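Notes for the one structure printed next.
Number of protein chains: 4
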Amino acid sequence: MPISLDQAREQVARANRMIANEGVLDAFGHVTMRHPTDPGRYLMSRSRAPELVQPEDIQEFTLDSVIVKPIEPRLYGERVIHGEIYKARPEVMAVCHHHAPSILPFCISGMELKPVYHLGATLGASVPFWDSRDEFGDTTLIVAKPEEGASLARALGQNWIVLMRRHGATVAGLTLDELIFRTIYTARNAALQIQAHGLGHVSPLTAAETELASEYNLRPGPVARASEYWSVRLDKVEGTWRAAKPKAAAPKKKAAKAKKAKKKTRGGRR
Amino acid sequence: MPISLDQAREQVARANRMIANEGVLDAFGHVTMRHPTDPGRYLMSRSRAPELVQPEDIQEFTLDSVIVKPIEPRLYGERVIHGEIYKARPEVMAVCHHHAPSILPFCISGMELKPVYHLGATLGASVPFWDSRDEFGDTTLIVAKPEEGASLARALGQNWIVLMRRHGATVAGLTLDELIFRTIYTARNAALQIQAHGLGHVSPLTAAETELASEYNLRPGPVARASEYWSVRLDKVEGTWRAAKPKAAAPKKKAAKAKKAKKKTRGGRR
Amino acid sequence: MPISLDQAREQVARANRMIANEGVLDAFGHVTMRHPTDPGRYLMSRSRAPELVQPEDIQEFTLDSVIVKPIEPRLYGERVIHGEIYKARPEVMAVCHHHAPSILPFCISGMELKPVYHLGATLGASVPFWDSRDEFGDTTLIVAKPEEGASLARALGQNWIVLMRRHGATVAGLTLDELIFRTIYTARNAALQIQAHGLGHVSPLTAAETELASEYNLRPGPVARASEYWSVRLDKVEGTWRAAKPKAAAPKKKAAKAKKAKKKTRGGRR
Amino acid sequence: MPISLDQAREQVARANRMIANEGVLDAFGHVTMRHPTDPGRYLMSRSRAPELVQPEDIQEFTLDSVIVKPIEPRLYGERVIHGEIYKARPEVMAVCHHHAPSILPFCISGMELKPVYHLGATLGASVPFWDSRDEFGDTTLIVAKPEEGASLARALGQNWIVLMRRHGATVAGLTLDELIFRTIYTARNAALQIQAHGLGHVSPLTAAETELASEYNLRPGPVARASEYWSVRLDKVEGTWRAAKPKAAAPKKKAAKAKKAKKKTRGGRR
């Protein structure tokens, strides 16, 4: 059964903070998801750095990127990036637009991003480029107009990531978890490709390996392992992981270490 | 209405710590601003690492870089970098001198710094070099004499950043917020240009894109989003962000997570 | 006298977290050790990011990688990497499979990993490659089938590390401490080799230097020093290092600093 | 008047932790200083990662690197690196041996380390290499024998740093503060030189600039600013910086911020 709207707002706010915590988003960029029960709407924060997004920041937008209940605070200027992809790709449930430091060099150089290790396979068979100059000449580079978002969505096509020249990347996923996994591991893959290029040769996955490895990565097991990992790391940073660690326990643990040779394992206290 | 002197001291001290927290300043370098009501003065800390600068460290200087009320502690040796720019550029309200790790390679190699993504557009149409050897031969490389600062200001001209060969960079802004935005995002841009260069090709913004994107970046929306981001990050590091986080609340939050499937969103408690 | 099973579970869980804390493991990868008293079994966590592995997660497996006491939670898909090496190498007591960011560029480029400084000598005389394509054609790149694990173990041969093309590395050790030392310092060595390559020339250790330096590194002294270092760093991150630091002590320490010119050293309180 | 032995032990222990905190030392390497009143002795920790060294770990050694009061715990194997330099250079009061990640690529590639910005000038007019192979053929690469330390000291000559091929660097200073400054800023300089090399051209300081800038850097002002910076950063990491930050104060500060438009500056409370 689909999640509730409140759960969706909690999840997409958390996805913003999680991807920011992994260094892929900074002051700019955004993560959205399609409304859990109304495919004609999507959920996006009001304008705020992803690292700071909370459930109460999340607003509802039509696929034309018009806010359903207008608010006072500013909205993101690049809403249409998301709205136009939700229109063009009915199966896509989540989108991330970012300027990851490891991906931008590809956007700047025109070097093709390829899957170079198994965890990068989710970037898909190919990663197209989009250059605002082609259709629109000189612009602010901000994808703010519906026709610009529609152009970008056409460039994305049936792929999972599109690299925006001199700007950043936009990533799509069938679920929010898949979107998070793909966003983070594509950034890791990009960093490795840059390093391997520096060593003189990049030997990528074959098309078949890419398809097989991507399917494997997106099975429940690997996605759950990575999700728990990123989730706990976020909780640690936000202070909600074992926040109630009593000072008294620490010395006992230290003394316990000294006795470990004699005692059984502490059975789950850690 | 202009801010008070105390507010200005608080802001410029904080700008020092904020830019240091983002890795652009280390033990050396400085951020100053023109006096809020007297254009013939500027505000600068006594000699101290930017990361440590507090409002009470901020002193007033004439544009000849003479301290208005002499103090015992040392002053920065390179005050004239700021004073001479405030003289030459009446519209400039803030200046940063730094040795950012991503910018120095350009100062060392002579490679031209270009805007390579939209967020780097605020570096402006062109970034000139200044080499102390040209006018002054072999020096300590420290810009300490008025004539050296005046020479640097001439090299800056009407641009927003000047790269100082074998030294670092000096950045100017029409406001403190613009100066912070430009300083940090130029450093990010530089890091990306180095990586893209390694991939074999750097395709920069056109002059028109640069102008359009820069104007967009410096609108209130983007500046506010980045400012909140850097500000919160500084508060977190300094322990003044949600400092009063009760240990009791954490377990309830964890239990609350388990109940999330049933409850509405917590409405702003986070 | 051999350690107990509980001690072994504590140690291998900690090894996972320690290597993760040093940046060599992320959401994926694993560290295992052979059962302390039954060479026909090895100890491995259920499927979980290494950074999160606790003693209670550690399970027993036969060398055919069949779990001795089946559990509900998922298991790692690549168990056979470890099981097949424990079969092929009776002297090996610990194995790590990882995707370290500094090692992957070698797996992607085919560049040979060499010892470039004394602390990298434990990578051994030579580091072979293994490419799943050679025997198995296009696969998910996940080493899940016994024959794939056996193939990898054959490629490892009598060496200490094997680089898996487009995937990562697998490291072996005669003891868990040796395995940890080799895993971390090989990753450090790899990062330095990449940088040196960028400077134009890599001058590695001779075969004799490699053997002599490796033997020296693995003596009790160096291993103990590194182990204490990584162990304390992990405790600090986990909050079990001097966790009971009384707030009262801090101001006294600060006042104590002012008096240091007159007082003797505090004799071990720090 | 010279410092006491206890003060010296506190200072050199702290120097170890400070340089480790800045990423220049890891599990290995060491910082020592000559005895404050007996030039025939020097102070060095027993074998321990620099990050962990405390005053009570500091021992006295003769310049032949024999411990004055034997202890049970292990000693560093490479004591002679320090002892032989203290013999050869009577004016040197402090020595650091390290394997900094930014310096090793020079030791591996043979690329000459040059001052590339003003803060790197303290590396001096030239940085010689030393290769254990030249005199000793294949060794463990560990400088453990007196004749090896003496050979290294000869290579250092009257310079301030010697790069040890396939090993690391050894740095000398006229004072402990100078040694710390030189050690850290040479590592920063090396990182920048690597990046500039990647951009295609390295334009170093002239010999005269190097001498002038080095003399300027080592004046009390710059050294004090950097020392305070590194010292505070260490205190923050060790929890002795404003450790007693009352939770109550934080909310007042936050409310105070809101009132700042009306109040004067808080006068030194921060």
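Chains as they are written, first to last, in the working numbering: chain A, 73 to 342; chain B, 73 to 342; chain C, 73 to 342; chain D, 73 to 342. Cβ atoms here follow ideal geometry from the backbone N, Cα and C, with glycine treated the same way. Please read all numbers here as calculations on a predicted model, not as lab measurements.
Proximity test, Cβ basis, 8 Å: residue i and chain A
i: P177/C; result: yes
i: F100/C; result: yes
i: E123/C; result: yes
i: G182/C; result: yes
i: I143/C; result: no
i: G270/C; result: yes
Outcome for residue i when other beta-carbon atoms lying within 10 angstroms are tallied against a minimum of 16
i: P318/B; result: Here the model assigns P318/B a pLDDT of 35, short of 50, so the residue's position is not dependable, and the following value carries that caveat. So P318/B counts as exposed.
i: M73/A; result: exposed
i: G155/D; result: buried
i: T258/C; result: buried
i: K186/A; result: buried
i: D129/B; result: buried
i: V138/A; result: exposed
i: A279/B; result: exposed
i: D206/C; result: exposed
i: A285/B; result: buried
i: D249/C; result: buried
i: I143/A; result: exposed
i: G245/B; result: buried
i: V140/B; result: exposed
i: K217/A; result: exposed
i: Q267/C; result: buried
i: T109/A; result: exposed
CB contact below 8 Å: residue i versus chain E
i: L213/D; result: Reference to chain E is not applicable here, since the protein chains of this structure are A, B, C and D.
Three-way DSSP call (helix, strand, coil) for residue i in this model
i: Y301/A; result: helix
i: A166/B; result: strand
i: L213/A; result: coil
i: I256/C; result: helix
i: G270/D; result: helix
i: L290/A; result: coil
i: V84/C; result: helix
i: F100/B; result: coil
i: I75/D; result: coil
i: I157/C; result: helix
i: I91/B; result: helix
Chain B within 8 Å of residue i, Cβ atoms only
i: R297/D; result: yes
i: E281/D; result: yes
i: G149/A; result: yes
i: L277/D; result: yes
i: G293/D; result: yes
i: E300/D; result: yes
DSSP beta-bridge partners of residue i
i: E132/A; result: L115/A
i: L147/C; result: R118/C
i: M105/B; result: L115/B and A166/B
i: F178/D; result: Answer is none; F178/D lacks a bridge partner.
i: W313/C; result: Looking at the DSSP assignment, W313/C forms no beta bridge with any residue, so it has no partner.
i: F201/D; result: L235/D
Neighbour flag for residue i against chain C, beta carbons, 8 Å
i: A321/D; result: With a pLDDT of only 32 at A321/D, under 50, the local geometry of the prediction cannot be trusted, and the value read off the model is given with reservation. Not an interface residue.
i: A166/A; result: no
Any chain D beta carbon closer than 8 Å to residue i
i: H154/C; result: no
i: R86/B; result: no
i: G95/B; result: no
| said: Just to confirm the assignment: which complete alpha helix (DSSP H) runs, minimum length 4, are found wholly within the stretch 216-247 of chain C? | reply: 218-228
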